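Numbering (the working numbering), first residue to last: 1 to 344.
We put the beta carbon where it would ideally sit given N, CA and C, even for glycine.
Note that the structure is predicted; figures quoted are calculated from it, not measured.
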């Protein structure tokens, strides 16, 4: 395993981070425990979760993933050996069953307290704001369109003040953001100069099919020291190649939940075919080439891999030992230039 430091901290984390959002839906508690056992044995010391999980988010399964992690901590006794990240759910129709007061101080405090109980721990190492409260261009939207009717009120300072209180109480150690934009990231960094906590990581989608991060956020990450936690590096499994040729594997995420179609458009499929050909040309699996590409980004702190079985998990973790040559990287970029960001 390879490790990196969370920027501006002395916290060492495995570059492969174990994602958990299928536990409690596609995976049982026993399967979640088996994945944590296996990953931990392979040197993975970084787990990422969220109160929202599992996904798809429903009132019936709300926070089940955190509960599963909590029972593993209690059973294994490994809490102090794991760097644990979780998140408060941002506002949206799909989170109405959680709360309706966004990132108000009482909401953040309530979310942290409830996560601590479910996770059976006294502290969370990295606590993240899962979504911006304001309107932004999110899944599938390349262009930001300003909405004059957006009811959001500037609250970066207030949110950081609340997080600062929780840090001083010892309930969280560090803070980060997720699904943020360059503007939002810089606003948080500016507010932190007023004696408030600094956002040390940003958890955004990043893969061969979604490199929007490279258009602005990558420079911020490098110049300001904000580590990328890349999620969906396998594009919901599309970059395993298992959906090529119109295949619909029985337990595939996109088979079970076809509404998650942003990685399945015509251009994304064309790009996937080209990346698959490139991987075969160099004697690699498409999955390992895809993950190795993310692993090698200079601003990466953690590559959040997810799996629904141990065979997938083993292959994904093993990607840390794959080193892509400059020739392969150049060929990847040639494909990207011909079909740029097909799944933003």
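Under 8 angstroms between C-beta atoms of residue i and residue j
i	j	result
residue 263	residue 230	no
residue 57	residue 87	no
residue 238	residue 268	yes
residue 204	residue 179	yes
residue 124	residue 172	yes
residue 256	residue 332	no
residue 319	residue 300	no
residue 108	residue 192	no
residue 228	residue 297	yes
residue 293	residue 208	yes
residue 44	residue 1	yes
residue 210	residue 340	no
Close beta carbons around residue i, own chain, < 6 angstroms, minus the five adjacent residues each side
i	result
residue 17	46, 48, 302, 304
residue 36	72
residue 98	89
residue 163	175, 197
residue 52	89
residue 32	23, 68
Closest residue to residue i among the options (Cα-Cα distance)
i	options	result
residue 38	312, 198, 12, 274	312
residue 274	335, 217, 321	335
residue 197	27, 161, 169, 208	161
residue 127	89, 142, 147	89
residue 310	3, 30, 34	34
residue 326	145, 194, 282	282
residue 177	187, 105, 113	187
residue 3	340, 324, 317, 343	317
residue 60	25, 145, 225	25
residue 64	114, 82, 15	114
residue 150	93, 322, 135, 53	135
residue 112	74, 147, 170, 157	170
residue 29	1, 66, 6, 5	66
residue 323	295, 315, 110	295
residue 221	1, 93, 44, 181	181
residue 105	74, 139, 157	157
residue 314	93, 272, 41	41
residue 242	82, 258, 272	272
residue 321	100, 289, 11	289
residue 11	75, 80, 31	80
Whole-Å CB distance - residue i paired with residue j, under 8 angstroms assumed
i	j	result
residue 84	residue 119	7 angstroms
residue 122	residue 129	The Cβ separation is near 21 angstroms, so there is no contact.
residue 342	residue 265	6 angstroms
residue 308	residue 27	6 angstroms
Own chain partners of residue i with C-beta closer than 7 angstroms, once the 5 adjacent residues on each side are dropped
i	result
residue 240	234, 286, 287
residue 306	19, 21, 22
residue 8	198, 200, 225
residue 62	97, 98
residue 251	308
Outcome for residue i when other beta-carbon atoms lying within 10 angstroms are tallied against a minimum of 16
i	result
residue 143	exposed
residue 223	exposed
residue 213	buried
residue 168	exposed
residue 244	exposed
residue 337	exposed
residue 96	exposed
residue 14	buried
residue 183	exposed
Nonlocal neighbours in the same chain, by C-beta distance under 8 angstroms from residue i, ignoring five residues either side
i	result
residue 133	90, 91, 102, 103, 152, 155
residue 270	339, 342
residue 329	293, 296
CB contact check: residue i to chain B, cutoff 8 angstroms
i	result
residue 185	The structure shown contains no chain B; it is built from a single protein chain.
beta-carbon residue i near the ligand ADP non-hydrogen atom, thresh 7 angstroms
i	result
residue 246	This structure lacks the ligand ADP, and indeed carries no ligand of any kind.
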